[in-house]
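Enquirer: Have a look at the structure that comes next, please.
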Amino acid sequence: MGDLAWIFISAMVVNNFTLAYFLGLCPFMGVSGKIYTALRMGAANIFVLTVASVCAWFLDTFVLPYAPFLKLISFILVIASAVQITEMTIKKLSPALFRALGIYLPLITTNCAILFMAWVQANRGYSFLQGLAFAWGAGAGLTLALVLMASIREDLEFVKLPAIARGNAIVFIIAGILSLAFMGFAGLFTS
Amino acid sequence: MSSSRLLVTASPHLRGPASTPKIMWNVVGSLVPVVATAGYFFGFGALLVIAAATLGALLTEMVFGSKGSLGDGSAAITGLLLGLTLPPGFPLWMSFLGGVVAIAFGKLIFGGLGQNMFNPALLGRAFLQAAFPVAITTWPTGEEGWWNLSPTQASLPLMGAEVDTVTGATPLGLWKFERIATDAVDLLTGAIGGSAGETSAVVITICGGYLALRNFLNWRIPAGIFLTVFVLSGALWLIDAGRYPSPVFMLFSGGLMLGAWFMATDMVTSPVTSRGCWIFGAGIGALVVLIRNWGGLPEGVMYAILLMNAMVPYLNQWTQPRVFGTRLGEAAS
Chain P
1 MGDLAWIFIS AMVVNNFTLA YFLGLCPFMG VSGKIYTALR MGAANIFVLT VASVCAWFLD
61 TFVLPYAPFL KLISFILVIA SAVQITEMTI KKLSPALFRA LGIYLPLITT NCAILFMAWV
121 QANRGYSFLQ GLAFAWGAGA GLTLALVLMA SIREDLEFVK LPAIARGNAI VFIIAGILSL
181 AFMGFAGLFT S
Chain F
1001 MSSSRLLVTA SPHLRGPAST PKIMWNVVGS LVPVVATAGY FFGFGALLVI AAATLGALLT
1061 EMVFGSKGSL GDGSAAITGL LLGLTLPPGF PLWMSFLGGV VAIAFGKLIF GGLGQNMFNP
1121 ALLGRAFLQA AFPVAITTWP TGEEGWWNLS PTQASLPLMG AEVDTVTGAT PLGLWKFERI
1181 ATDAVDLLTG AIGGSAGETS AVVITICGGY LALRNFLNWR IPAGIFLTVF VLSGALWLID
1241 AGRYPSPVFM LFSGGLMLGA WFMATDMVTS PVTSRGCWIF GAGIGALVVL IRNWGGLPEG
1301 VMYAILLMNA MVPYLNQWTQ PRVFGTRLGE AAS
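Protein sequences appear in the order of chains P and F. Start counting the first sequence at 1; every next residue gets the next number (my numbering). Start counting the second sequence at 1001; every next residue gets the next number (my numbering).
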């Protein structure tokens, strides 16, 4: 159990995918304008991560030992299908959210965070449960970063930014500052 | 059209004596004893570090800031606070650079005073910690005489310099890596290793208390921080006194005092509601205990405050007081 908790915490804050590894920056910049969309983008990411983690574990345990060269391509395939399922579900259940997420929803397919998760999980030889903990930690970390950024950006709307900082420039700068702040978690629970 | 006699403005029309420059210069004044203490314990070099950081901050504000923004004193505060959190023997050019980064990326890029999301001084320090991890954890003891300047301090940018100064560990470092506790009296007076202005808990508390009495800072924030740190570290200490330091040690070591009184209470980057301030303080306290006890670094006050700064927009939303006359759960808007 302690092992699982550690994997979760590590993926969520210490090695936060967005703020420590700079993965998944595309939705981080794109849909962090409102807390509403940020939270739901995070949830979509968590779902895709979970599906990808489970599928990647099955592939890695039962298929890939016989065909190791298929690793990358099979993971990409799995992620693409998972994203497609998510997209169709959201489109059916909440057209408003579907429009709000826009291009960023299909772009989860190419979200490097998810491929990274599957790849690292396979390389570290995580068990099924460990893989799930890793995927949820990664998803929670992505959501945390997205929501933090969204709350800051909602406040930024009251701020008169200088011309050079408008648009995505300030988002990159805030991402850098958040990343500096998250360095405080480095080495947590290892000593 | 707009004659100054017929000025139509929204309420309130009462004018108070407090203004932004007045408050800011009061804070600067209250930092003077802290700076003097730093000079007393660590010598001339510490004063130079503080001066370099302040110079960097002021020059950046002068060049890039809006007209007249230099006079409100906020850049001076940022520079002073940054200098106070640096080791006394820090290379001066790095200190200057820290001041520039603090003002440029901490404040001006957000549009100047009152619009920044993160404490500029701490941002400058976080930058320096990431950029120069060795220099910022080298702690001279100040035993070489008051006027002594080490060659490290005068080194030129990016040239690299030999470190030749008497260094010692900070109380937090001693505890983290060797499990040696420091005497409480030394922690209170400040005769210990550490950052230039963070060592003397007594002086900082008196200066911060003055600001709290004048209502220039919200007392709930330091109160929340101290309470949380005391309770959490006290509980841990009772569980295992050999592994976790005592609550008194936690309160008076490292940058907690300076951070709690002067940095967390920055009016711009702290919550506007009273309840928000309590949560803000408690969050900082909890993060400090977490990072100090289980993190890889001995000190976590800077990161704790920066992380809670990022939470402030949330806290402001969550803790909106109920509009008079509305029922609980009813949307205020």
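Backbone N, C-alpha and C define an ideal beta-carbon position, used for all residues, glycine too.
What's the C-alpha gap between F/Val1034 and F/Trp1139?
Expert: The alpha-carbon atoms of F/Val1034 and F/Trp1139 are separated by roughly 18 Å.
Enquirer: Quickly, what does DSSP pair F/Pro1222 with across the bridge? List them, please.
Expert: Answer is none; F/Pro1222 lacks a bridge partner.
Enquirer: What do you get for F/Tyr1303, buried or exposed, if any count of 16 or more other CB atoms within 10 angstroms of its CB means buried?
Expert: Flag for F/Tyr1303 reads buried.
Enquirer: Go ahead and label F/Ile1221 buried or exposed: buried means 16 or more other beta carbons lie within 10 angstroms of its beta carbon, across all protein chains shown.
Expert: Label assigned to F/Ile1221: buried.
Enquirer: Would you mind telling me which residues of chain F sit closer than 7 Å to P/Ser189, beta carbon to beta carbon, in chain order?
Expert: According to the sequence provided, residue 189 of chain P is Phe. The question's Ser does not apply to it. Per Cβ cutoff of 7 Å: Trp1294.
Enquirer: With a threshold of 7 Å between beta-carbons, can F/Leu1081 be considered close to chain P, or not?
Expert: For F/Leu1081, the answer is no, since every Cβ of chain P falls outside 7 Å of its Cβ.
Enquirer: Is DSSP giving F/Leu1012 helix, strand or coil here?
Expert: It is Pro, not Leu, that sits at residue 1012 of chain F in the sequence shown. Note: F/Pro1012 maps to coil in three-state DSSP.
Enquirer: So, with DSSP's three-state summary, where would you put P/Pro95?
Expert: In the structure shown, P/Pro95 sits in a helix (DSSP, three-state: H, G or I).
Enquirer: State the start and end residues of the unbroken alpha helix (DSSP H) segment that holds F/Lys1022.
Expert: Residues 1020 to 1042.
Enquirer: For the structure I just gave you, are there three or more beta carbon pairs, one from the stretch 1311 to 1329 of chain F and one from the stretch 1269 to 1282 of chain F, closer than 8 Å?
Expert: Yes, the stretch 1311 to 1329 of chain F touches the stretch 1269 to 1282 of chain F.
Enquirer: Evaluate contact between the stretch 26 to 39 of chain P and the stretch 141 to 158 of chain P, counting only Cβ atoms and requiring at least three cross-stretch pairs below 8 Å.
Expert: Touching, yes, given that three or more Cβ pairs across the two stretches are closer than 8 Å.
Enquirer: In the DSSP assignment, find the unbroken alpha helix (DSSP H) run with F/Gln1317 in it and report its ends.
Expert: Where F/Gln1317 is concerned, the enclosing alpha helix (DSSP H) stretches over 1301 to 1318.
Enquirer: Can F/Gly1065 and F/Val1101 be called in contact, C-beta distance under 7 Å?
Expert: Cβ distance not < 7 Å, so F/Gly1065 and F/Val1101 don't count as in contact.
Enquirer: Which first and last residues belong to the alpha helix (DSSP H) in which P/Glu154 is found?
Expert: 128 to 156 is the extent of the alpha helix (DSSP H) around P/Glu154.
Enquirer: Cα-Cα, which of F/Leu1251, F/Phe1177, F/Asp1183 is closest to F/Thr1205?
Expert: When each option's Cα is compared against that of F/Thr1205, the closest is F/Leu1251.
Enquirer: Would you decide whether F/Asn1215 is buried or exposed? Buried here means 16 or more other CB atoms lie within 10 Å of its CB.
Expert: Flag for F/Asn1215 reads exposed.
Enquirer: So is F/Tyr1244 buried or exposed if we call it buried at 16+ other beta carbons inside 10 Å?
Expert: The residue is buried, with at least 16 neighbouring Cβ atoms inside 10 Å.
Enquirer: Among the candidates P/Tyr66, P/Val63, P/Trp136, whose CA atom is the shortest distance from the CA of P/Ile7?
Expert: When only C-alpha atoms are compared, the closest one is P/Trp136.
Enquirer: Mind listing, in chain order, the continuous alpha helix (DSSP H) runs of no fewer than 4 residues lying wholly within the stretch 28 to 102 of chain P?
Expert: The stretch 28 to 102 of chain P contains these whole alpha helix (DSSP H) runs: 35 to 58, 71 to 93, 95 to 101.
Enquirer: Tell me whether F/Ser1333 is buried or exposed, calling it buried when 16 or more other Cβ atoms sit within 10 Å of its Cβ.
Expert: Interpretation of F/Ser1333 is limited by its pLDDT of 44, a score under 50 that renders its predicted location unreliable; no figure is taken from the coordinates.
Enquirer: Strictly under 7 Å for the Cβ-Cβ distance: is F/Ala1126 near chain P by that measure?
Expert: Yes, contact with chain P.
Enquirer: Cβ of P/Ala11 within 7 Å of Cβ of P/Phe116?
Expert: Result no, Cβ atoms of P/Ala11 and P/Phe116 do not sit closer than 7 Å.
Enquirer: Kindly indicate if chain F contains any beta-carbon less than 7 Å away from that of P/Ser179.
Expert: So, not an interface residue.
Enquirer: May I ask you to check if the CB of F/Phe1226 is nearer than 6 Å to at least one heavy atom of the ligand GDP?
Expert: Absent from the structure shown: the ligand GDP. Ligands present: none.
Enquirer: Drop a sphere of 10 angstroms on the beta-carbon of F/Ile1136, count the other beta-carbons inside from all chains shown, and report buried for 16 or more, exposed for fewer.
Expert: Label assigned to F/Ile1136: buried.
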